[in-house]
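Below: the structure, in structure tokens.
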Amino acid sequence: MPPESLTAPAQDVIHNIGYRNYSGARLGRAYARRSLFSQSLRGAYGLGRSTKSKVLPMTLFGVMCAPAAIMVAVAVATKATKLPLEYTRYAIVLQAVIGLYLAAQAPQSVSRDLRFKSIPLYFSRPIERVDYVVAKFAAMASALFLLTAAPLLILYVGALLAKLDFATQTEGFAQGLVSVVLLSLLFAGLGLVVAAVTPRRGFGVAAVIAVLTISYGAVSTVQGIALARDNTDAIGWIGLFSPITLIDGVQTAFLSATSAFPGGNGPGTGAGVVYVVVLLALIAGSFGLLMRRYRKVGL
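So that you can map any letter, position 280 of the sequence shown is 297 in our numbering, and since no number is skipped, the others follow by simple counting.
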């Protein structure tokens, strides 16, 4: 082989591999927001993910619905004149299950994006920070609503099958739905704010459980002390400092619910207005904190 052939530069060749400009519809931000919402909601129940991811949320969903089904069976079999538990009381009694579900799924919704630093990819285009926060917030609230509203629907259908009074049951069912809507919005906001602090899912799970458990335990303890000292007026105001007692106070004041506070000393209508203001402020504040968090993360 001649020496000059060893140093001859290779010829550059352009290959046509068929790239073409995109000529389809530009779906824009609304489509991206809906897709993120749908993906996040499905992920909250493990849909579209591995079998292992479905076990815990589906188990907790079954645990939430099982007592309602048992109550319905008992009511039908014994021809009871009313359900064993009010619609508005159901979520309060099963708050531990709701808290465990939130602790498991809120970090799953946001922590992985933070851990793998995929947030800037979301914010490249066409989605913006507000779209991401709205989609995640709405998906988590919707997942919680499904978790808490499904057993109420079972109770309602069972009550009608047991031939209980239609008007009374419909009113109670509607009040229960309003209650779980507020609970879902509040818990979703608080859970996502806590989970978004850390990219590590384990820390997020522990933090959500701590916030819900410690606040409820502290409030219940102080309320018990107030009852023991016959300071019943303070019991209602103390309930402002825990998410679940906040929901209890709102539904006691405006949804004809029986209070779970010690001695049944729930807030009246006047104090109930304060409860509603604090509830709405916490929901709006949670959204604002998420916006602030993702404004920093997206840089």
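Glycine included, each C-beta is placed from N, C-alpha and C at the ideal position.
All of these numbers come straight from a predicted model, not from anything done at the bench.
- Counted as a single uninterrupted DSSP element, the alpha helix (DSSP H) harbouring Asp250 occupies residues 249-255.
- Close CB contacts of Ala224 within its chain, under the 6 Å cut and outside five residues either way in sequence, are with Val211 (chain order).
- With respect to the C-alpha of Phe271, the residue from Gly63, Ile31, Val291, Ala120 having the closest C-alpha is Val291.
- Note on Thr105: 16 or more other CB atoms within 10 angstroms of its CB, so buried under the neighbour-count rule.
- Shown here, Thr98 sits in coil according to DSSP, grouped into three states, outside any helix or strand.
- Residue range 286-314 is occupied by the alpha helix (DSSP H) that includes Lys313.
- Fully contained in the region 201-282 is no beta strand (DSSP E) run of length 3 or more.
- In this structure, DSSP gives Asp182 a state outside helix and strand, which the three-state scheme calls coil.
- Where Pro124 is concerned, the enclosing alpha helix (DSSP H) starts and stops at 112-132.
- The residues Ile109, Gly256, Ala274, Ser276, Ala277, Phe278, Gly283, in chain order, have a CB closer than 8 Å to that of Asp265 in the same chain once the five nearest residues on each side in sequence are set aside.
- When the beta-carbon positions are compared, Leu207 and Leu299 come within less than 9 Å of each other.
- Cβ contact annotation for Ser232 (same chain, cutoff 6 Å, sequence separation greater than five): Ser259, in chain order.
- Judged by beta-carbon spacing, Ala243 lies within the 9 Å limit of Ala251, meaning their Cβ atoms are closer than that value.
- In terms of Cα proximity to Thr76, the closest of Tyr62, Ser67, Ala86, Gly45 is Tyr62.
- Distance from the CA of Arg218 to the CA of Arg129, rounded to the nearest whole angstrom, comes to 7 Å.
- Ala205 is not a Cβ neighbour of Ala167, given a cutoff of 9 Å.
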